[in-house]
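Report on one structure; see the data block that follows.
Number of protein chains: 2
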Amino acid sequence: MDFLEVVSTQRAIRRFVTEPVSDDVVRQVLDAAVRAPSGGNRQPWRFIVVRDSDLKRRLGRLYGECGDELIRSAPFYTRALQDPAADPAAARMMKSSRYLVEHFEEVPVFIVACMLSDGQPLSFTQAASIYPAVQNIALAARNLGLGTTITTIHRYRHNEIRDLLGVPRDAAEIAAMIPMGYPAGKFGAGPRKPATEVSFLNRWGTPL
Amino acid sequence: MDFLEVVSTQRAIRRFVTEPVSDDVVRQVLDAAVRAPSGGNRQPWRFIVVRDSDLKRRLGRLYGECGDELIRSAPFYTRALQDPAADPAAARMMKSSRYLVEHFEEVPVFIVACMLSDGQPLSFTQAASIYPAVQNIALAARNLGLGTTITTIHRYRHNEIRDLLGVPRDAAEIAAMIPMGYPAGKFGAGPRKPATEVSFLNRWGTPL
Numbered sequence: 021m022d023f024l025e026v027v028s029t030q031r032a033i034r035r036f037v038t039e040p041v042s043d044d045v046v047r048q049v050l051d052a053a054v055r056a057p058s059g060g061n062r063q064p065w066r067f068i069v070v071r072d073s074d075l076k077r078r079l080g081r082l083y084g085e086c087g088d089e090l091i092r093s094a095p096f097y098t099r100a101l102q103d104p105a106a107d108p109a110a111a112r113m114m115k116s117s118r119y120l121v122e123h124f125e126e127v128p129v130f131i132v133a134c135m136l137s138d139g140q141p142l143s144f145t146q147a148a149s150i151y152p153a154v155q156n157i158a159l160a161a162r163n164l165g166l167g168t169t170i171t172t173i174h175r176y177r178h179n180e181i182r183d184l185l186g187v188p189r190d191a192a193e194i195a196a197m198i199p200m201g202y203p204a205g206k207f208g209a210g211p212r213k214p215a216t217e218v219s220f221l222n223r224w225g226t227p228l
Numbered sequence: 021m022d023f024l025e026v027v028s029t030q031r032a033i034r035r036f037v038t039e040p041v042s043d044d045v046v047r048q049v050l051d052a053a054v055r056a057p058s059g060g061n062r063q064p065w066r067f068i069v070v071r072d073s074d075l076k077r078r079l080g081r082l083y084g085e086c087g088d089e090l091i092r093s094a095p096f097y098t099r100a101l102q103d104p105a106a107d108p109a110a111a112r113m114m115k116s117s118r119y120l121v122e123h124f125e126e127v128p129v130f131i132v133a134c135m136l137s138d139g140q141p142l143s144f145t146q147a148a149s150i151y152p153a154v155q156n157i158a159l160a161a162r163n164l165g166l167g168t169t170i171t172t173i174h175r176y177r178h179n180e181i182r183d184l185l186g187v188p189r190d191a192a193e194i195a196a197m198i199p200m201g202y203p204a205g206k207f208g209a210g211p212r213k214p215a216t217e218v219s220f221l222n223r224w225g226t227p228l
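Residue numbers (this note's numbering), protein chains in the order written: chain A, 21 to 228; chain B, 21 to 228.
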């Protein structure tokens, strides 16, 4: 596909058909992931491809707890749940996230993106060495007709999920859990504020 | 360009020709940035397009100090400078980074990617709402024949750089400073470990 077509129609997909995702296709997605830049080209990424049903079921249970914690602790999500009419887009997202939690085991494959650490908590700017690779995964999947969504709520059960997947607590953090499958819905441009509304010339506040 | 061609030939470019970058091209790059996903689709990004020469010169001075701090504090870079033969790729990168610092004012344009915050330091996983947009910038630039590199060393002079650009300390953090211009060198695949070497099946350590 043309680059602009890929980048402009990649949106979060949380409902998948049961059609399996081949190893070859997963490999192509990971090949795109490792093309991403990283600080000093140190490529601190590790990817866990989760296909095992039992593992997906256990992950799904923890992930559901994470979703509950998110709703409890983040005002944005609490509001979206309590007053769906106030922000219909957020309410739809909550509904589709709930669907994902309830159908975790049926998701064909998860890619769990990890970043190596020295045991100290990774910082905001260190994340520049993992999320570009994560975005490459989302885009490369779209290019192959696969849906994904970049989720980070694992953070509410980070240690439990690391333990379940064998991720060494003193050597790596999970950056994102990415469900992947052929979409039940459609690709298409998500709603966005135009670039001019979020960009400045030379100094914060000066319109472009 | 084809998506796979873009993703596989996007590499860090730190030397640019003097050819200017038009507003229209910058706009196209930012249009791709805002297509990126973000948590709750809250689009917490703000982009400052820096073209002003005086501002670039002052930023360059601070950026040079950041580079010095990086070399002092990060063993990877200290080693690369002291013993270039041990890691020739890292030594080349250091040289090209030094070139960038010394030619900061000549870079046609910088895009400074910021993320809104509530005044509390942004975390590693919150960065999932800004670096996908940053990667879209790097890819969209490549698609248009423009070189970029995602830099984060501004963190060593974060407040000074925020003040210079008018970024409110209590409401936003700088995620990356991205120099952009037509490349003096060539695009092409950077050296990477193959995906199979950095990927696992179901559990950390199990080969794919």
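Glycine residues also receive a C-beta, built at the ideal position from the N, C-alpha and C atoms.
Per DSSP, reduced to three states, the secondary structure at serine 137 of chain B is coil, with no helix or strand assignment. The Cβ atoms of alanine 109 of chain B and alanine 133 of chain B do not sit closer than 8 Å to each other. Against chain B, the CB of tyrosine 83 of chain A has no partner CB under 8 Å away; the residue lies outside that interface. Phenylalanine 67 of chain A sits in a strand when the DSSP states are folded into three classes.
For serine 28 of chain A, the neighbours in chain B by C-beta distance under 7 Å run, in chain order, Arg55. Looking at the backbone, the Cα of phenylalanine 130 of chain B and that of serine 137 of chain B are separated by about 22 Å. Within 10 angstroms of the beta-carbon of arginine 34 of chain B lie 16 or more other beta-carbons, which makes it buried. For proline 108 of chain A, DSSP assigns no beta-bridge partner whatsoever.
Using a CB distance cut-off of 8 Å, phenylalanine 67 of chain B counts as an interface residue toward chain A.
In the pairwise beta carbon analysis, the segment 45 to 59 of chain A is classified as not touching the segment 207 to 222 of chain A: fewer than three pairs are separated by under 8 Å. Between leucine 184 of chain B and leucine 79 of chain B, the beta carbon gap of about 6 Å places them in contact (Cβ cut-off 8 Å). Contacts with chain A at 8 Å (Cβ-Cβ) include phenylalanine 23 of chain B. Only residues of its own chain outside the window of five on either side were considered, and among them Thr98 have a CB closer than 8 Å to the CB of arginine 92 of chain A, listed in chain order. With respect to the C-alpha of serine 28 of chain B, the residue from B/Ile194, B/Ala158 and B/Ala192 having the closest C-alpha is B/Ala158.
Counting along the chain, leucine 228 of chain A sits inside no beta strand (DSSP E), nor does DSSP assign it H or E at all.
DSSP, reduced to helix, strand and coil, places alanine 52 of chain A within a helical segment of the structure shown. Counting the other CB atoms within 10 Å of its CB gives leucine 101 of chain A a total below 16, which places it among the exposed residues. Judged by DSSP secondary structure, serine 219 of chain A falls within the beta strand (DSSP E) whose first and last residues are 219 to 221.
Leucine 221 of chain A and proline 188 of chain B have their C-alpha atoms roughly 15 Å apart.
An exposed status is given to lysine 213 of chain A, since fewer than 16 other beta-carbon atoms sit within 10 Å of its beta-carbon.
For lysine 76 of chain B, the CB contacts under 8 Å within the same chain, skipping 5 residues up- and downstream, are Val70, Phe124, Glu125, Val127 and Phe130 in chain order. Runs of the alpha helix (DSSP H) lying entirely within the segment 167 to 195 of chain A, each at least 4 residues long, are 178 to 185 in chain order.
Annotation: asparagine 156 of chain A to aspartate 74 of chain B spans about 35 Å, alpha carbon to alpha carbon. At a cut-off of 8 Å between beta carbons, asparagine 61 of chain A contacts chain B. The residue from A/Tyr119, A/Ala204 and A/Gly87 with its alpha-carbon nearest to that of tyrosine 176 of chain A is A/Gly87.
Comparing alpha-carbon positions, the option among B/Met200, B/Ser116, B/Gly201 and B/Thr145 lying closest to methionine 197 of chain A turns out to be B/Thr145.
Against chain A, the beta carbon of alanine 161 of chain B has no neighbour under 8 Å; the closest one sits roughly 11 Å away. From the listed residues B/Phe23, B/Val54, B/Gln30 and B/Leu82, the smallest Cα separation to methionine 135 of chain B is found for B/Val54.
Of all alpha-carbon atoms in A/Glu193, A/Ala148, A/Gly84 and A/Met21, the one lying nearest the alpha-carbon of tryptophan 224 of chain B is that of A/Glu193. About 5 Å separates the beta carbon of arginine 66 of chain A from that of valine 218 of chain B, a gap short enough to meet the 8 Å contact definition. Within the segment 146 to 159 of chain B, contact with chain A at the beta-carbon level (separation under 9 Å) is assigned to Gln146, Ala147, Ala148, Ser149, Ile150, Tyr151, Pro152, Ala153, Val154, Gln155, Asn156, Ala158 and Leu159. For the segment 86 to 110 of chain A, the residues whose beta carbon sits under 9 Å from a beta carbon of chain B are, in order, Ala94, Phe96, Tyr97, Ala100, Ala109 and Ala110. Checking the DSSP bridge columns, you'll see glycine 201 of chain A partnered with A/Gly167. Distance check between arginine 81 of chain B and each of B/Gln30, B/His174 and B/Asp190 places B/His174 closest, using alpha-carbon atoms only. Pairing proline 64 of chain A with phenylalanine 96 of chain A, the inter-Cα distance amounts to about 32 Å.
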